[in-house]
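Trainee: To start, I am sharing the structure in question, which I have written as structure tokens.
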Amino acid sequence: MPYRSPVAEIRFILDQVVPLAPVAATEMFAEATGDTVEAILTEAGRLCDEVMAPLNRNGDLTPARLENGVVRTSPGFREGYQAIAEGGWVAIAAPQEFGGMGLPQTLCVAVNDLMSGACLSLQLNPLLTQGQIEALEHHASDEIKDLYLPKLISGEWSGTMNLTEPQAGSDVGALRTKAEPLGDGTYAVTGQKIFISWGDSDVTANICHLVLARLPDAAPGTKGISLFMVPKFIPDANGNPGVANSLKVVSLEHKMGLHGSPTCVMAFDGATGWMVGEPGKGMAAMFTMMNNARLAVGVQGIGIAEGAYQKALEYAQERVQFAPIIEHADVRRMLAEMKAEVFAARSIALACAVALDMGRATGNDDWAARAALLTPIAKAYGTDIGMWVAEQGVQVHGGMGFIEETGAAQFYRDVRVTAIYEGTNGIQAMDLVGRKMMDQGRAAFRLLQEVEDEAKAARAVLPDLAEDVWAAAETLREATEVLLAQGMQDRFAGAVPYLRAFARVLGAHYHLRAAIAAGADSARAKLAAVYIRRLLPQYAAALAEAREGAEGLYALSVEDLSA
Numbered sequence: 004m005p006y007r008s009p010v011a012e013i014r015f016i017l018d019q020v021v022p023l024a025p026v027a028a029t030e031m032f033a034e035a036t037g038d039t040v041e042a043i044l045t046e047a048g049r050l051c052d053e054v055m056a057p058l059n060r061n062g063d064l065t066p067a068r069l070e071n072g073v074v075r076t077s078p079g080f081r082e083g084y085q086a087i088a089e090g091g092w093v094a095i096a097a098p099q100e101f102g103g104m105g106l107p108q109t110l111c112v113a114v115n116d117l118m119s120g121a122c123l124s125l126q127l128n129p130l131l132t133q134g135q136i137e138a139l140e141h142h143a144s145d146e147i148k149d150l151y152l153p154k155l156i157s158g159e160w161s162g163t164m165n166l167t168e169p170q171a172g173s174d175v176g177a178l179r180t181k182a183e184p185l186g187d188g189t190y191a192v193t194g195q196k197i198f199i200s201w202g203d204s205d206v207t208a209n210i211c212h213l214v215l216a217r218l219p220d221a222a223p224g225t226k227g228i229s230l231f232m233v234p235k236f237i238p239d240a241n242g243n244p245g246v247a248n249s250l251k252v253v254s255l256e257h258k259m260g261l262h263g264s265p266t267c268v269m270a271f272d273g274a275t276g277w278m279v280g281e282p283g284k285g286m287a288a289m290f291t292m293m294n295n296a297r298l299a300v301g302v303q304g305i306g307i308a309e310g311a312y313q314k315a316l317e318y319a320q321e322r323v324q325f326a327p328i329i330e331h332a333d334v335r336r337m338l339a340e341m342k343a344e345v346f347a348a349r350s351i352a353l354a355c356a357v358a359l360d361m362g363r364a365t366g367n368d369d370w371a372a373r374a375a376l377l378t379p380i381a382k383a384y385g386t387d388i389g390m391w392v393a394e395q396g397v398q399v400h401g402g403m404g405f406i407e408e409t410g411a412a413q414f415y416r417d418v419r420v421t422a423i424y425e426g427t428n429g430i431q432a433m434d435l436v437g438r439k440m441m442d443q444g445r446a447a448f449r450l451l452q453e454v455e456d457e458a459k460a461a462r463a464v465l466p467d468l469a470e471d472v473w474a475a476a477e478t479l480r481e482a483t484e485v486l487l488a489q490g491m492q493d494r495f496a497g498a499v500p501y502l503r504a505f506a507r508v509l510g511a512h513y514h515l516r517a518a519i520a521a522g523a524d525s526a527r528a529k530l531a532a533v534y535i536r537r538l539l540p541q542y543a544a545a546l547a548e549a550r551e552g553a554e555g556l557y558a559l560s561v562e563d564l565s566a
């Protein structure tokens with residue numbers, strides 16, 4: 004059974020669980036009517052099912068390759084990308100003045116979810132371009148916007164982000180790439196970058212690199228970093244790709260998964276670049292792209308989880324061991340928990356997207372704060388669940404899951420990096436307990452109050468489930484108060500389990516909403532019971548770990564750890 008895009012599931016969430024209606028009620032997003040949403044999701048689903056999903060295995064078995072300095076993509080990827088570009092799928096949330104649709108980010112997130120489940124290696128290309136579009140929209144000069152945005156939005160050109168260097172990963176301030184002013188408004192960019200997804204390909208006419216680099220007199224650390232647009236081909240007077248720039252692909256990384264996505268080592272040798280934003284403000288500009296990507300990467304994990312679940316479900320129905328294995332209690336447990344986790348993670352991601360749209364459309368700081376709070380949770384939880392569901396998918400297949408021909412292992416190999424790139428999940432957790440708590444927990448407490456209020460109201464319909472959700476939210480509130488009294492080292496030591504606990508409570512909250520909307524005897528209510536009774540209790544163990552702080556960890560010396 005081939006991949007089937009979960010269009011109905013996403014539509015249910017946007018109708019009943021994380022409503023899109025308030026977004027569509029704003030003047031900015033009035034065009035996001037129910038009919039428009041239905042049409043977009045249906046057509047995106049058709050593209051994913053008929054065009055992208057059949058390419059997924061090709062990308063794994065026949066990886067992108069470097070030939071004579073040019074990257075050749077996997078069979079069918081060029082045609083698949085053209086279908087994405089021609090369908091306008093890069094442009095969903097892009098500004099209308101440059102050719103975009105100007106629709107809510109929530110719809111872009113939903114479509115990226117569908118595409119990730121169909122073929123993550125190919126979906127990475129438009130995702131990066133969408134992030135670059137947002138960065139240019141907010142930080143670039145009018146000249147750069149006028150030249151690059153229409154080409155990026157149409158899909159004629161694609162975009163990348165160049166941060167990492169061999170010695171500068173999470174410590175971006177250690178980068179050494181230099182940018183020398185040439186006196187005519189351009190800069191000569193020199194340095195090497197690694198881990199550049201879709202750094203080169205044969206699917207677009209030009210590739211636009213956003214590159215972090217230092218000016219000659221730059222301050223040390225992140226304060227001395229500026230951002231530059233460095234295209235593969237320098238646009239001519241008519242805005243078309245002209246002469247080749249002084250950059251090249253040194254090699255392609257040999258990766259655990261995502262073989263169809265070319266990950267490049269890039270060398271810039273006095274390449275011509277144009278500054279984006281102000282000198283020394285490169286990190287602020289790049290963070291616009293990175294924050295866009297963090298939610299998008301969480302959605303990648305969810306998409307992979309969907310694909311892995313569908314494949315495991317199909318196998319469990321067909322594989323007979325005494326009976327179809329779906330009849331065995333442990334297999335039924337795995338499948339039920341997989342489905343429940345995917346729903347919870349998808350709801351959290353869409354809630355984050357709705358908050359982003361409401362913040363943008365209304366200018367309300369509370370919505371912006373909620374989006375900021377939910378971003379690290381959506382990224383970390385979405386990718387953690389992607390890995391867990393993919394791993395469980397292998398387990399459902401039994402010994403055949405360990406055999407590459409079944410394709411079950413590809414989901415795990417492809418999703419594994421999502422917990423690492425765009426800020427590791429540990430960094431996301433530290434962001435949650437650090438920067439996102441600088442408001443003394445105001446955004447977190449406001450969200451938890453909503454969870455508790457809705458759980459109280461739900462007691463009249465589903466009393467047992469509602470009580471469990473209320474109690475978990477109240478305990479999380481108390482744990483957050485303890486967290487705020489801790490020093491930062493103690494917060495960081497418990498950050499990952501704290502984030503997991505927060506995600507567990509939010510997942511239960513959205514499952515309870517779904518159960519109330521569908522009815523106490525519905526399949527939604529039965530799935531909510533699986534999550535709330537079997538998975539939600541994990542929050543207590545996570546909070547117990549979070550409260551331990553750092554002392555016990557540092558009581559173990561390096562010598563102790565090495566013994």
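If you read the sequence shown in our numbering, its first letter stands for residue 4, the second for the next number, and so on.
Each residue gets a CB set at the ideal place from its N, CA and C atoms; glycine is no exception.
Could you name the residues of the same chain whose beta carbon sits closer than 6 Å to that of GLN431, not counting the 5 residues immediately before and after it, in chain order?
Mentor: Working through the sequence shown from its first residue, we reach residue 431 at position 428. These residues qualify, in order along the chain: PRO379, LYS382, ALA383.
Trainee: Closest to GLY90 by CA distance: which of ARG49, ASP471, ALA11 is it?
Mentor: Here residue 90 refers to the residue found at position 87 of the sequence shown. That would be ARG49, whose Cα lies nearest to the Cα of GLY90.
Trainee: According to DSSP, GLY194 sits in a beta bridge with which residue or residues?
Mentor: Translated into positions along the sequence shown, residue 194 becomes position 191. The partner list for GLY194 (beta bridge, DSSP) reads PHE271.
Trainee: Based on Cα-Cα distance, which residue from VAL472, ALA121, GLU82, ASN59 lies nearest to CYS51?
Mentor: For this step, residue 51 is matched to residue 48 along the sequence shown. Looking at the Cα atoms, ALA121 is the closest of the given residues.
Trainee: Just the C-alpha distance for PHE80 and LYS181, rounded to the nearest angstrom, thanks.
Mentor: Here residue 80 refers to the residue found at position 77 of the sequence shown. Here residue 181 refers to the residue found at position 178 of the sequence shown. About 34 Å.
Trainee: Given VAL54, which residues of its chain have a CB within under 6 Å of its CB, disregarding the five upstream and five downstream residues?
Mentor: Counting from 1 along the sequence shown, the entry for residue 54 is found at position 51. Excluding sequence neighbours, VAL54 sits near GLY83, ALA86.
Trainee: Quick check: what's the CA-CA separation for THR189 versus LYS148?
Mentor: For the purposes of this step, residue 189 is taken as residue 186 along the sequence shown, with counting starting at 1. For the purposes of this step, residue 148 is taken as residue 145 along the sequence shown, with counting starting at 1. Separation of THR189 and LYS148 (C-alpha to C-alpha, rounded to the nearest whole angstrom) is 16 Å.
Trainee: Which residues in the same chain as GLY224 place their Cβ atom closer than 8 Å to its Cβ, once the five residues preceding and following it in sequence are excluded?
Mentor: Stepping through the sequence shown from its first residue, residue 224 is reached at position 221. Cβ within range, chain order: GLY176.
Trainee: Name the DSSP bridge partner or partners of PHE231?
Mentor: Within the sequence shown, numbered from 1, the residue matching residue 231 stands at position 228. VAL214, MET278.
Trainee: Buried or exposed for HIS212, please, with buried defined as at least 16 other CB atoms from any protein chain shown within 10 angstroms of its CB.
Mentor: Looking up residue 212 in the sequence shown gives position 209. So HIS212 counts as buried.
Trainee: As an exercise, report each continuous beta strand (DSSP E) stretch of at least 3 residues that is fully enclosed by the stretch 348 to 378, in chain order.
Mentor: none
Trainee: Mind checking LEU185: buried by the 16 CB within 10 Å criterion, or exposed?
Mentor: Within the sequence shown, numbered from 1, the residue matching residue 185 stands at position 182. Label assigned to LEU185: exposed.
Trainee: The beta strand (DSSP E) that contains PHE236, what's its start and end?
Mentor: The residue you call residue 236 lines up with position 233 of the sequence shown. First-last of the beta strand (DSSP E) with PHE236: 236 to 238.
Trainee: Starting from MET164, follow the beta strand (DSSP E) in both directions and report where the run begins and ends.
Mentor: The count along the sequence shown starts at 1 and reaches residue 164 at position 161. Element bounds for MET164: 160 to 165.
Trainee: When you compare only the Cα positions, how much space is there between ALA364 and LEU106?
Mentor: What you label residue 364 is simply residue 361 of the sequence shown in a count that begins at 1. What you label residue 106 is simply residue 103 of the sequence shown in a count that begins at 1. Between ALA364 and LEU106, the C-alpha separation is close to 11 Å.
Trainee: Can the beta-carbon of THR421 be found closer than 9 Å to that of GLY304?
Mentor: By one-based count along the sequence shown, residue 421 stands at place 418. By one-based count along the sequence shown, residue 304 stands at place 301. Taking 9 Å as the Cβ cut-off, THR421 and GLY304 qualify as a contacting pair.
Trainee: Should the stretch 332 to 348 be called in touch with the stretch 365 to 372, which here means at least 3 C-beta pairs below 8 Å?
Mentor: no
Trainee: Applying the 10 Å Cβ sphere with the 16-neighbour rule, what's the burial state of MET286?
Mentor: Locating residue 286 in the sequence shown gives position 283, where the first residue counts as 1. Label assigned to MET286: buried.
Trainee: What is the DSSP secondary structure of GLN452, counted as helix, strand or coil?
Mentor: Residue 452 sits at position 449 when you count from the first residue of the sequence shown. Looking at GLN452 - three-state DSSP - the assignment turns out to be helix.
Trainee: Pop quiz: LEU123 and ILE307 are said to be a contact at Cβ under 8 Å. What is the actual Cβ separation, rounded to whole angstroms?
Mentor: Taking the sequence shown and counting its residues from 1, the one referred to as residue 123 is at position 120. Taking the sequence shown and counting its residues from 1, the one referred to as residue 307 is at position 304. About 6 Å; that satisfies the 8 Å criterion.
Trainee: When DSSP builds the beta bridges, which residues end up paired with LEU250?
Mentor: What you label residue 250 is simply residue 247 of the sequence shown in a count that begins at 1. LEU250 is bridged to PHE271.
Trainee: Is the separation between the beta-carbon of GLY263 and that of ALA311 shorter than 9 Å?
Mentor: The count along the sequence shown starts at 1 and reaches residue 263 at position 260. The count along the sequence shown starts at 1 and reaches residue 311 at position 308. Their beta carbons are not under 9 Å apart, which means GLY263 does not touch ALA311 by this criterion.
Trainee: For my contact list, GLU455 and ALA482 are in at a C-beta cut-off of 8 Å; report their separation, rounded to the angstrom.
Mentor: On the sequence shown, position 452 is the one that residue 455 refers to. On the sequence shown, position 479 is the one that residue 482 refers to. Incorrect: roughly 14 Å between the Cβ atoms, too far for contact.
Trainee: Within this structure, are the beta carbons of TRP92 and MET118 separated by less than 9 Å?
Mentor: The count along the sequence shown starts at 1 and reaches residue 92 at position 89. The count along the sequence shown starts at 1 and reaches residue 118 at position 115. For TRP92 and MET118, yes; Cβs fall inside 9 Å.
Trainee: Helix, strand or coil for GLU168? Go by DSSP, reduced to three states.
Mentor: Residue 168 sits at position 165 when you count from the first residue of the sequence shown. In the structure shown, GLU168 sits in a strand (DSSP, three-state: E or B).
Trainee: Can you find at least 3 beta carbon pairs, one from the stretch 259 to 276 and one from the stretch 198 to 205, that sit closer than 8 Å?
Mentor: yes
Trainee: Pick out whichever of PRO129, ARG336, LEU17 has its Cα sitting closest to the Cα of ALA299.
Mentor: As a working mapping, residue 299 is identified with position 296 in the sequence shown. If we check each option's Cα against that of ALA299, PRO129 comes out closest.
Trainee: In or out: ASP239 buried (at least 16 other Cβ within 10 Å) or exposed?
Mentor: Along the sequence shown, one-based indexing puts residue 239 at 236. Flag for ASP239 reads exposed.
Trainee: Apart from the five residues just before and just after SER77, which ones in its own chain have a Cβ nearer than 8 Å to its Cβ?
Mentor: The residue you call residue 77 lines up with position 74 of the sequence shown. Excluding residues within five positions, the ones whose Cβ falls inside 8 Å are LEU58, ASN61, GLY62, THR65, PRO66, ALA67, SER124, HIS262, GLY263.
Trainee: With C-beta atoms as the reference, is TRP391 less than 9 Å away from GLU344?
Mentor: Counted from its first residue, the sequence shown places residue 391 at position 388. Counted from its first residue, the sequence shown places residue 344 at position 341. Cβ atoms of TRP391 and GLU344: closer than 9 Å.
Trainee: Within 10 Å of its beta-carbon, does SER350 have 16 or more other beta-carbons around it, so buried, or fewer, so exposed?
Mentor: Against the sequence shown, residue 350 aligns to sequence position 347. So SER350 ends up on the buried side.
Trainee: What is the DSSP secondary structure of ALA326, reduced to helix, strand or coil?
Mentor: For the purposes of this step, residue 326 is taken as the residue at position 323 of the sequence shown. Here ALA326 sits in strand by DSSP.
Trainee: Three Cβ pairs or more, each shorter than 8 Å: is that satisfied between the stretch 515 to 528 and the stretch 483 to 500?
Mentor: As far as the Cβ criterion goes, the stretch 515 to 528 does not touch the stretch 483 to 500, which means the pair count is below three.
Trainee: Locate the alpha helix (DSSP H) running through VAL420, then write down its first and last residues.
Mentor: Here residue 420 is taken as the residue at index 417 of the sequence shown, counted from 1. Run containing VAL420: none; DSSP gives neither H nor E here.
Trainee: Considering only the beta carbon of each residue, do PRO244 and LYS251 sit closer than 9 Å?
Mentor: Taking the sequence shown and counting its residues from 1, the one referred to as residue 244 is at position 241. Taking the sequence shown and counting its residues from 1, the one referred to as residue 251 is at position 248. No. Outside cutoff.
Trainee: In the DSSP assignment, find the unbroken alpha helix (DSSP H) run with PRO25 in it and report its ends.
Mentor: Position 22 of the sequence shown, counted from the start, is the residue given in the question as residue 25. Taken as a continuous stretch (DSSP letters only), the alpha helix (DSSP H) holding PRO25 covers 24 to 27.
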